[in-house]
Structures are given as structure tokens and as C-alpha cells.
Amino acid sequence: MFYLTKTPALLKTIYKSCTWNFSPAKPSVYLTFDDGPHPTATPFVLEQLKKYEAKATFFCIGKNVVEHPGIYQQILEEGHAIGNHTHNHLNGWKTSTDKYLENIMEARKYINSPLFRPPYGRITPFQVKHIKKTIPGAQIIMWDILSADFDTAINGEDCVQNVVFKAKAGSIIVFHDSTKAWDRLEYSLPRVLEFFRKQKLSMDAIPY
19 MFYLTKTPAL LKTIYKSCTW NFSPAKPSVY LTFDDGPHPT ATPFVLEQLK KYEAKATFFC
79 IGKNVVEHPG IYQQILEEGH AIGNHTHNHL NGWKTSTDKY LENIMEARKY INSPLFRPPY
139 GRITPFQVKH IKKTIPGAQI IMWDILSADF DTAINGEDCV QNVVFKAKAG SIIVFHDSTK
199 AWDRLEYSLP RVLEFFRKQK LSMDAIPY
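Quick note on our numbering: the sequence shown kicks off at 19 and runs consecutively.
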């Protein structure tokens with residue numbers, strides 16, 4: 019499985035209208051969690067965030083919101099931000115723009131947010147253009163740091179190192195509240211939160 023744990027500058031240049039990171043002038047990092055809500059992983063994440071007085075952004079799959087409305091409501095009640103991650107976790111490279119937008123709009127019935135993150139980070143420039151045209155105030159949120167907790171070939175400590183050695187003020191960091199990521203998430207998230215606290219970096223939700 020090939021992926022980059024730190025996003026190269028060239029990719030940010032190609033997709034200029036997407037948000038890859040924020041200004042380093044503010045001593046904050048932005049933790050994000052994709053693919054929930056999940057009945058085990060999401061409550062664990064919320065518990066850890068509360069323990070470390072951190073806020074985060076959850077990019078939710080519409081069908082998972084339908085299946086776990088109580089957990090979704092808990093995310094909102096605890097002051098975190100939410101974003102749209104399509105209704106069925108579609109790969110934009112393998113989906114027509116019309117079908118992709120239709121799936122996003124289906125998720126919007128349950129996820130009221132201008133924030134959107136494409137599953138797998140795979141989206142075409144044409145899809146970007148049409149999302150921004152269709153959804154008022156749409157912000158397409160990418161990342162500059164991957165924990166890679168989705169990768170079953172690595173362990174939790176690898177995920178910790180992926181984050182702590184590469185993240186800096188302004189970084190947008192990806193974790194997953196999912197079954198596939200669970201073992202690595204459970205190990206890595208508390209250690210990453212502790213690291214940022216010691217570094218005196220605020221952990222904030224993405225504003226919108």
C-alpha cells in the first residue's frame with residue numbers, strides 16, 4: 019500500500035482551492051477523524067478528547083450517521099466540528115461527478131456542514147469546482163499529516179511517529195474512527211494528545 023504521511027507541496031499547488039493546513043502563526047493543530055460515527059471507536063475518541071481538553075473535526079459518512087444518530091449527536095453536544103465524507107464513502111476517481119455530488123447531497127440531509135473531505139483524498143478538479151458551486155460556503159478539507167492508522171501493516175507506535183515527527187503548528191492531521199483503524203487508533207491517539215499538550219499546542223476544531 020503506497021501513501022505519503024506528509025503531503026508534498028506539489029499536490030497542494032495542484033489543488034490550490036482545497037485547504038491542506040492552516041497558518042503556523044497560531045499555536046494550534048487540527049485533529050480530524052474520518053469514517054465514523056462508529057460504536058466503539060468514536061466514543062473512545064470523544065473520551066480522550068475530553069480528557070485532554072481538545073476539540074476536533076469529525077468527517078462523517080452519511081450512512082453511519084443514520085445507523086448511529088446518538089453518537090453523532092454526542093459529537094455535536096461536546097463541541098466538536100463535523101464535516102461531510104459522502105454518504106457511502108465513494109472514491110471520486112472512480113465515480114462520475116453527477117453521482118459523486120448526488121451522494122454528497124444525500125449525506126447533507128444528515129450532516130449540516132460546509133466542510134467536506136473526499137474519501138481516500140481522491141477527488142478530481144472538476145468535482146472540486148462543482149462542490150464549491152453547489153454547496154454554499156463549501157470548504158474542501160484535505161490534510162498535511164496522515165497518522166496512517168488505516169494501514170494494517172503498521173503498528174500503533176508507527177502511527178505516533180508519523181504524527182509527532184512531522185506535525186507542526188497549523189497541521190491538519192488525519193485519524194480514523196473505524197473498525198479497520200481501531201487497534202492503532204486506541205494505542206496512538208492518547209500518546210499523540212499527550213505529546214501536543216506537552217508541546218503547548220492547542221488542539222482545535224476546524225472553523226466554519
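Heads up, the beta-carbon is just placed ideally off N, CA and C, and yes, glycines get one too.
Range covered by the beta strand (DSSP E) that runs through residue i
i, result
"residue 49", "46-52"
"residue 78", "75-78"
"residue 99", "99-102"
Distance CB(residue i)-CB(residue j) smaller than 8 Å
i, j, result
"residue 77", "residue 63", "no"
"residue 104", "residue 121", "yes"
"residue 125", "residue 223", "no"
"residue 162", "residue 190", "yes"
"residue 21", "residue 211", "no"
"residue 96", "residue 68", "yes"
"residue 66", "residue 207", "yes"
Cα-Cα separation between residue i and residue j, rounded to whole angstroms
i, j, result
"residue 203", "residue 193", "7 Å"
"residue 137", "residue 160", "10 Å"
"residue 205", "residue 213", "13 Å"
"residue 115", "residue 123", "12 Å"
"residue 150", "residue 91", "26 Å"
"residue 24", "residue 181", "9 Å"
"residue 28", "residue 38", "12 Å"
"residue 119", "residue 32", "21 Å"
"residue 19", "residue 139", "15 Å"
"residue 110", "residue 45", "33 Å"
"residue 113", "residue 81", "18 Å"
Per DSSP, cross-strand counterpart(s) of residue i
i, result
"residue 37", "159"
"residue 193", "51"
"residue 24", "163"
"residue 134", "102, 158"
"residue 221", "47"
Span of the alpha helix (DSSP H), counted from its first residue to its last, around residue i
i, result
"residue 214", "200-216"
"residue 125", "115-126"
"residue 95", "87-95"
"residue 168", "No alpha helix (DSSP H) holds residue 168; DSSP gives it neither H nor E."
"residue 149", "143-152"
"residue 68", "59-69"
Nearest-angstrom Cβ-Cβ length linking residue i and residue j, presumed shorter than 8 Å
i, j, result
"residue 56", "residue 170", "Contact doesn't hold; Cβ gap of about 16 Å is too wide."
"residue 177", "residue 185", "Actually they are not in contact, since the Cβ atoms of residue 177 and residue 185 sit about 12 Å apart, beyond 8 Å."
"residue 107", "residue 53", "7 Å"
"residue 48", "residue 157", "Between residue 157 and residue 48 the Cβ distance is about 12 Å, and since that is not below 8 Å, they are no contact."
"residue 60", "residue 100", "Not really, about 12 Å apart at Cβ, beyond 8 Å."
Proximity test, residue i beta-carbon vs the ligand SAM heavy atom, cut-off 7 Å
i, result
"residue 104", "With respect to the ligand SAM, the structure offers nothing, as it holds no ligand at all."
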